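Visitor: Residue numbers (my numbering): 49 to 715.
Ideal placement from N, C-alpha and C gives every residue a C-beta, glycine not left out.
All figures in this text were calculated on a predicted structure; none of them were measured in a lab.
One structure follows; several queries about it will come next.
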């Protein structure tokens, strides 16, 4: 048997070691079975623990309320007795002369912890007292700071009070924790707010043991029974045990004498199955309760830690046990950028195709307009009386091309040669009309180029840059922001400029002094009058029709050229734009590759990732240690018969085990 201890002591030591291994990770430490001591200051909490462990404990509230004390008491063979005090997570040992000097070592350890942390209060470290003797029970008690009311109105005092309350609530609400609640019996329960805190944390009172102090100060039997009824009135039968003790007594005989009157009063009560007297009864029950509780949580605790170990190991696998080398991180990042760029561009081809179709349709459907050289009223006046039929015929709505013919005549007459020969050249008419075409389609073409490059920037390049920046746990973030990102944006903007320049050139095609089309067949088709226009022409008198015919033909020819350009220009623009876009997508990875040497000095792991790795490695080590400790118990056969039993509620035991399993699954 290890160090001469019995099996119960070995189990509790193992649990203590697992708790110590997880001390820096309070979310895990809180799941280790524990017995937490809760009480107001000055209710006799230290006196009770002093009697349980047979050691002197400090009673200076200015220190005791600042640092928790872990009291590890074990039964052992006479020649294995020892008494040791350790401070903090580093387990610095403080010399102890004898049992009466333990309080001095504890104070020294607490003071050093507070000074080292430069804090008034510490919750994630403790002072541990280890005591082994033949007369000890097997139990570990964690004495939480005593609850207190701020005596002054200073904010710091109030803040400390709330911190202590929060610490206690956070600790005892865990189902893995048993609660040893120390309260004075001679005071009304309503004035002791630990009753409410404990009741809130353990409403079923299945995890709570109550120690009642100062019962010897009660004056009458009636008052004793009244206070006992008030304390136990909301209990469910058999759910909670009470122990009346006198922590000030230095011997069992002295305690027996001090509680003799109380014993007589209790003998006349109906609560003798739940209320017990004396330190000896308390010691036996504490061991029994902690053993039961530990056995319930042992299996789910180990499963929970193993699951957390898998999570921690996976996190370290992703981030790496050590940071990647800058060169390898950058090379991998460039590959990720190229893949993201390629995939993102492929995903946006459908949207770009829609933009091409919409742009082409918008240009083709731009109406061929009059120049406005001749007012509509002038046209109407010229044709009045030249209709063969209905006088309701409207030039503007029924034959708009006629107005364009009058515009063409105006242009051609202004460009007639000096000698009196009929002028038939249509070039001046084209030169007047086609700049209007450019003006009408300018916004459509420019919007198309803008939209295509906005998609390339917002939905492709930005995503690829983000993938590059977060690669290798963000090691490339500075390099991407300060070097690589700027390079790709410069290259991108150069290609956007090329597309915009081509768009501008396309718009000037129809503003040149010489205008041609290489598609005479299409021009001929598009130059013909529509059926409706032919019908409208037939209702005009023959003389007027002959006079206007040359100019009507000129307007029709220009309209045909207009329509040819409405097909040619969008097609040319989309082809050249896509050529530029494809070249841009090809060039961007090449630009990054060329900037590698400039970017390398900026490749470094972010501080938060480095801290996370250190944390995860420490957590992994803590988990390995804790799981290793718990695995030692796999070879130990232990049952509840290895310790004294005051309660044998098998249903409660089974129910507690099921709750522990459920908690482990949820975690």
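Tell me which residues share the same chain as residue 399 and place their Cβ nearer than 7 angstroms to its Cβ, disregarding the 5 neighbours each side in the sequence.
Guide: 503
Visitor: Does DSSP put residue 180 in a helix, a strand or coil?
Guide: strand
Visitor: So, for residue 410: in the same chain, excluding its five sequence neighbours on each side, which residues have a beta-carbon less than 7 angstroms away from its beta-carbon?
Guide: 492
Visitor: Between which two residues does the alpha helix (DSSP H) holding residue 426 run?
Guide: 424 to 431
Visitor: For residue 226, which residues of its own chain have a beta-carbon under 8 angstroms away from its beta-carbon, when the five flanking residues on both sides are left out?
Guide: Apart from the 5 residues on each side of it in sequence, residue 226 sits with its Cβ closer than 8 angstroms to the Cβ of 81, 82, 83, 84, 255, 256, 257, 337, 338 and 341 in its chain, given in chain order.
Visitor: Would you tell me roughly how many angstroms separate the C-alpha atoms of residue 351 and residue 191, rounded to the nearest one?
Guide: If I take the Cα positions, the gap works out to 28 angstroms.
Visitor: Suppose the cutoff is 6 angstroms on Cβ atoms and the five residues either side in sequence are ignored; what does the same chain contact list for residue 171 look like?
Guide: 215
Visitor: With 16 as the cutoff for other CB atoms within 10 Å, does residue 629 come out buried or exposed?
Guide: buried
Visitor: Using the Cα positions of residue 608 and residue 577, report the straight-line distance between them to the nearest angstrom.
Guide: 10 angstroms
Visitor: Between the Cα of residue 531 and the Cα atoms of 509, 645 and 507, which residue gives the shortest distance?
Guide: Answer by Cα proximity: 645.
Visitor: Identify the continuous alpha helix (DSSP H) that holds residue 670 and give its terminal residues.
Guide: 655 to 679
Visitor: Could you check what DSSP says for residue 266 in three-state terms: helix, strand or coil?
Guide: coil
Visitor: Measure the CB-CB distance between residue 295 and residue 239 and report whether it falls below 8 angstroms.
Guide: no
Visitor: Is it a yes or a no for the stretch 344 to 359 touching the stretch 317 to 330, going by three-plus beta-carbon pairs under 8 angstroms?
Guide: no
Visitor: Could you check how far apart the C-beta atoms of residue 457 and residue 599 are, in whole angstroms? I think they sit under 8 angstroms.
Guide: 4 angstroms
Visitor: Using 8 angstroms as the threshold, is the C-beta distance between residue 57 and residue 230 below it?
Guide: no
Visitor: What does the alpha-carbon distance come out to for the pair residue 391 and residue 405?
Guide: 23 angstroms
Visitor: Considering only residues of the same chain and omitting the five flanking positions on each side of residue 374, which have a CB-CB separation below 6 angstroms?
Guide: Cβ within range, chain order: 648 and 651.
Visitor: For the beta strand (DSSP E) containing residue 533, name the first residue and the last one.
Guide: Careful: residue 533 lies outside any beta strand (DSSP E), inside the alpha helix (DSSP H) at 533 to 556.
Visitor: DSSP three-state call for residue 231: helix, strand or coil?
Guide: strand
Visitor: By DSSP, does residue 134 sit in helix, in strand, or in coil?
Guide: strand
Visitor: Residue 144 and residue 132: beta carbons closer than 8 angstroms?
Guide: yes
Visitor: Helix or strand or just coil, what does DSSP make of residue 68?
Guide: Of the three classes helix, strand and coil, the one that applies to residue 68 here is helix, per DSSP.
Visitor: Among the residues of its own chain, which have a CB less than 7 angstroms from the CB of residue 512, if the five just before and after it don't count?
Guide: 385, 388, 389 and 392
Visitor: By the three-class DSSP mapping on this structure, what secondary structure does residue 221 have?
Guide: coil
Visitor: Taking just the CA atoms, how far does residue 115 sit from residue 29?
Guide: Outside the displayed span of the chain (49 to 715) sits residue 29, for which this structure offers no information.
Visitor: Just list the residues that DSSP pairs residue 87 with in beta bridges.
Guide: 230
Visitor: Three Cβ pairs or more, each shorter than 8 angstroms: is that satisfied between the stretch 545 to 555 and the stretch 614 to 632?
Guide: The stretch 545 to 555 is in contact with the stretch 614 to 632.
Visitor: Output the distance between the C-alpha atoms of residue 482 and residue 499, rounded to the nearest integer angstrom.
Guide: Using only the alpha carbons, I get a separation of about 26 angstroms.
Visitor: In terms of alpha-carbon separation, which member of 358, 149 and 280 lies closest to residue 42?
Guide: With the chain covering 49 to 715 only, the question about residue 42 has no answer from this structure.
Visitor: Just to confirm, is the Cβ distance from residue 419 to residue 480 under 8 angstroms?
Guide: yes
Visitor: Pick from 633, 430 and 485: whose alpha carbon is nearest that of residue 614?
Guide: 485
Visitor: Please report the residue range of the alpha helix (DSSP H) in which residue 327 lies.
Guide: 327 to 367
Visitor: Report the CB separation of residue 602 from residue 477 in whole angstroms; it is logged as a contact under 8 angstroms.
Guide: 5 angstroms
Visitor: Quick check: residue 211 and residue 169, are their CB atoms within less than 8 angstroms of each other?
Guide: Closer than 8 angstroms, so yes.
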